[in-house]
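The opening residue of the sequence shown carries number 1 in our numbering; numbering runs sequentially from there.
Comments concern the structure below.
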Amino acid sequence: MQQIITPSPAFNKVLALLRKSESYWLVGYLLAQSTSGNTMRMLGEDYGVSYTHFRRLCSRALGGKAKSELRNWRMAQSLLNSVEGHENITQLAVNHGYSSPSHFSSEIKELIGVSPRKLSNIIQLADK
1 MQQIITPSPA FNKVLALLRK SESYWLVGYL LAQSTSGNTM RMLGEDYGVS YTHFRRLCSR
61 ALGGKAKSEL RNWRMAQSLL NSVEGHENIT QLAVNHGYSS PSHFSSEIKE LIGVSPRKLS
121 NIIQLADK
């Protein structure tokens, strides 16, 4: 208990290492959950901390807002799956936690400036 109240330099190094590894595990957790469609509040509860503390931990680990990072990761994963597989937009939307195919299409267009259908056409033309 004394180490927590007045930590020695050696104990501070241990704490710094633990904090770094927590960031590592938190990012791994966020990557695993990126397509779940869960809210930040739900993710925080599942992680075992309050919503506010979870957002703080995520911000520290990611260097920015977790919600926008999760959104980008989900978009990237769904686009990779669309290129690799033969899923239609409805299947992609459902598999990646989007509420509807329309939500999926509008989010992709907002983030990269091209609709999924146009992107698919571009990729198909490039493959020929």
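No residue lacks a Cβ here, since even glycine has one placed at the ideal position from N, Cα and C.
Exercise. Determine the contact status of alanine 66 and leucine 26, defining contact as a CB-CB distance below 7 Å.
Key: Mapped onto the sequence shown, residue 66 falls at position 66. Mapped onto the sequence shown, residue 26 falls at position 26. Cβ atoms of alanine 66 and leucine 26: not closer than 7 Å.
Quiz item: Under a Cβ-count criterion, where at least 16 other Cβ atoms within 10 Å of its own Cβ denotes burial, should glycine 131 be classed as buried or exposed?
Solution: Shown here, the chain extends from 1 to 128; a query on residue 131 therefore has no answer.
Quiz item: Based on Cα-Cα distance, which residue from Ala93, Glu107 and Gln124 lies nearest to serine 68?
Solution: Stepping through the sequence shown from its first residue, residue 68 is reached at position 68. Checked all of Ala93, Glu107 and Gln124; the closest Cα to serine 68 is Glu107.
Exercise. With DSSP as the reference, label histidine 86 as helix, strand or coil.
Key: The residue labelled residue 86 in the question sits at position 86 within the sequence shown. Coil, per DSSP.
Quiz prompt | Rounded C-alpha distance that separates arginine 55 from glycine 44 | solution = If you number the sequence shown from 1, residue 55 lands on position 55. If you number the sequence shown from 1, residue 44 lands on position 44. Approximately 8 Å between the Cα atoms of the pair.
Exercise. Please work out which residues of its chain come closer than 6 Å, Cβ to Cβ, to cysteine 58, disregarding the five sequence neighbours upstream and downstream, and give them in chain order.
Key: In the sequence shown, the residue the question calls residue 58 occupies position 58. Excluding sequence neighbours, cysteine 58 sits near Ala66.
Quiz item: Closest by CA to lysine 96, which one among Ser78, Leu18 and Asn88?
Solution: In the sequence shown, counting from the first residue as 1, residue 96 sits at position 96. Before going on, a small fix: residue 96 reads as histidine here, not lysine. Among Ser78, Leu18 and Asn88, the Cα nearest to that of histidine 96 belongs to Ser78.
Exercise. Give the straight-line distance between the Cα atoms of glutamate 87 and aspartate 46, rounded to the nearest whole angstrom.
Key: Within the sequence shown, residue 87 is the residue found at index 87, counting from 1. Within the sequence shown, residue 46 is the residue found at index 46, counting from 1. So the alpha carbons of these two residues sit roughly 30 Å apart.
Quiz item: Which two residues bound the contiguous alpha helix (DSSP H) that contains proline 7?
Solution: Taking the sequence shown and counting its residues from 1, one reaches residue 7 at position 7. No alpha helix (DSSP H) holds proline 7; DSSP gives it neither H nor E.
Exercise. Kindly give me the distance between the Cβ atoms of leucine 111 and tryptophan 73, rounded to whole angstroms, as I take these residues to be in contact under 8 Å.
Key: As a position in the sequence shown, residue 111 is number 111, starting the count at 1. As a position in the sequence shown, residue 73 is number 73, starting the count at 1. With 8 Å as the limit, leucine 111 and tryptophan 73 do not qualify as a contact, their Cβ atoms being about 11 Å apart.
Self-check item: Minimum C-alpha distance to isoleucine 71 - residue among Phe104, Val83 and His53
Solution: The residue you call residue 71 lines up with position 71 of the sequence shown. According to the sequence as given, residue 71 is arginine; it is not isoleucine. Considering only alpha carbons, the answer is Phe104.
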